[in-house]
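Residue numbers for the sequence shown follow my numbering, so the first one is 222 and each next one is one higher.
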Amino acid sequence: MKDQIIKSVQESVRIKSVEDEPREGMPFGEGIHKAFLHCLQLSQSLGFKTVNIDNMIGYAEYGEGDEMVAVLGHLDVVPEGEGWTYPPYGAEIHEGKIYGRGTIDDKGPTIGALYALKAIADLKLPLKRRVRIIFGLNEETGSKCVKHYVDKGEEIPVWGFTPDAEYPIINGEKGIVTCKYKRTFNEEIPLISIKGGTAPNVVPDYAEVVVSLSNEKKKLAKKVAETMEEIELREEGDNLIIMAHGVSAHGSTPEKGKNAISYLLLFMHKLNFSGEFGDFLNFVNSYMELDLHGRKLGIYSEDEVSGKFIFNLGTVQGNNQEINIEINMRYPVTKKYEDFIDIFKEKMNLGKMEEIYIRHKKSLYVHPETEFIKKLQKVYQEKTGDKADLISIGGGTYAKAMENLVAFGPVFRGQPKVEHMPDEYIKIDDLIKNVQIMAAAIYELAN
């Protein structure tokens, strides 16, 4: 079976399945559709009932019983990017590793789950519940696939896991709120342009503003810049370009970075602008500046399970008529969205900030004493000899997409995180180990 597993993973990785323009019968583009058909055909060849739900999502199913347990994986991948030593869609094997986009995230583990179920079927092990391996198709770009599954009234598992994160078991994930706000100016302001950041969930490492200033203000700017190492100035004709340098980090761990937008707006605030632009800078400085935890906004909270509330001012974009900002917030797993969102909106109104959108992914928390958590802990400890700690994280995994799931694997403790990186790989030994762990986990959950 080992050779079959390797071959099937290679076949899938060789299909470039980055989301693309939708085509008829291919809602996420041609590449993802090809990877999906490959997986459905593989499932059929392994003897499983296979279902395609409107080309949006599908599954392989085995067994009988009124209840169902599930493994949720995904076949879409992020773009390959630059800097690869080996072809990103070559699925070449070097020194015991399969290299390629999707090997660890998440084609390797998803196809591995199929073979884990095949091992159970071949051994004719008795199961009290049916098992579904669900093939998601746009985890990387919004999980519309799983929403479609749920909205269609498809069966929800009594419990299950997604091999799309790390071991041992992630039973807590902070709630995530992403929002965009706009401040419109009804008078002439000295701003020509402002830009910074790449995404709301990334700490920005660079931001810049172009302003038209009086000589007096330029002198003040030079003086203030001498006190802030993050700031660099450049004159261009009558305009002044102000650049702020920071350190990038994931939005779930902003303390590991340095927010260039925050430093830029703090610098601008120190130049004492008047009028509407000055009001905007006063507002941001009073309620957001260099605050990683929402304390200034009055929305801070924390819990023992997952730690502190997280606040990240991720992007800024604007001109002499308006400024847009995007914010990413993460609240502790035992707290509620309703606990803080009204306070947040009130404060934004105070700053004359107009809401463009607010998107919310609720927190996930499965109690440590839950039966299926105990079962997964037992399997992990027996198969690895390692302690099955429970982890809470600030990021979100695929487990949030459906009720009754937790993230379980595939990355073992202490291993480098290579997903989304150049030269993404999965060690063949780890792939096989994952199949063994998943087979044991499926068997336990289905009985």
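The beta-carbon is built from N, C-alpha and C at its ideal position, and this holds for glycine as well.
None of these values were measured; they are calculated from a predicted model.
Query	Result
Three CB pairs or more closer than 8 Å across the stretch 366-373 and the stretch 500-516	no
Backbone secondary structure at Val-230 - three-state DSSP	helix
The stretch 375-385 in contact with the stretch 567-577 per 3-pair CB rule at 8 Å	no
Assumed close pair Gly-472, Gly-535 - CB separation to whole angstroms, cut-off 8 Å	6 Å
Proximity of Phe-580 and Thr-399 at Cβ, strictly below 7 Å	It is worth fixing the name first, because residue 580 is Arg in this sequence and not Phe. Yes. Within cutoff.
Residues that Arg-580 bridges to, as DSSP identifies them	Thr-399
Strand pairing of Asp-524, partner residues [DSSP]	Gly-528
Residue of Ser-229, Ile-647 and Glu-303 minimising C-alpha distance to Glu-316	Ile-647
Proximity to Phe-532 [Cα-Cα], best of Met-222, Arg-516 and Gln-542	Arg-516
Pairwise C-alpha distance: Pro-421 and Asn-693	Nothing about residue 693 can be reported from this structure: the residues present for the chain run from 222 to 668 only.
Run of the beta strand (DSSP E) containing Thr-271, from where it starts to where it stops	270-274
Through-space distance from Lys-568 to Met-659, alpha-carbon basis	47 Å
Where Gln-538 falls: helix, strand or coil (DSSP)	strand
Pairwise C-alpha distance: Asn-493 and Ala-446	14 Å
Coarse secondary structure for Ile-253, derived from DSSP in three states	helix
DSSP three-state assignment for Ile-562, whether helix, strand or coil	helix
CB of Ile-546 within 7 Å of CB of Ile-391, strictly	no
First through last residue of the beta strand (DSSP E) which encompasses Ala-428	427-433
Residue from Ile-649, Lys-654, Ala-470 and Tyr-508 with nearest C-alpha to Glu-603	Lys-654
Inter-residue CB distance, Val-292 and Ile-663 (contact presumed, cutoff 8 Å)	7 Å
Residues bridged to Lys-477 (per DSSP)	DSSP output for Lys-477 lists no bridge partner at all.
Nearest neighbour of Met-623, chosen from Asn-276, Leu-348 and Thr-383 [CA to CA]	Thr-383
Where Ile-278 sits in the DSSP three-state scheme	strand
Asp-426 classed as buried or exposed, judged by whether at least 16 other C-beta atoms fall within 10 angstroms	buried
Nearest candidate by alpha-carbon position, reference Ile-415, set Asn-460, Val-230, Glu-394 and Glu-408	Asn-460
Residues bridged to Thr-405 (per DSSP)	Glu-543
Inter-residue Cα distance where the pair is Glu-285 and Tyr-402	51 Å
Local conformation of Lys-648 per DSSP, three classes	strand
Ala-661: CB within 6 Å of a non-hydrogen atom of the ligand MG	No copy of the ligand MG appears in this structure; indeed no ligand is present at all.
Check whether Ile-325 and Glu-640 have beta carbons under 7 Å apart	yes
Sequence-distant residues of the same chain with beta carbon closer than 7 Å to Ala-334, five excluded per side	Val-292, Gly-294, Ile-354, Pro-384 and Met-659
Leu-571 classed as buried or exposed, judged by whether at least 16 other C-beta atoms fall within 10 angstroms	exposed
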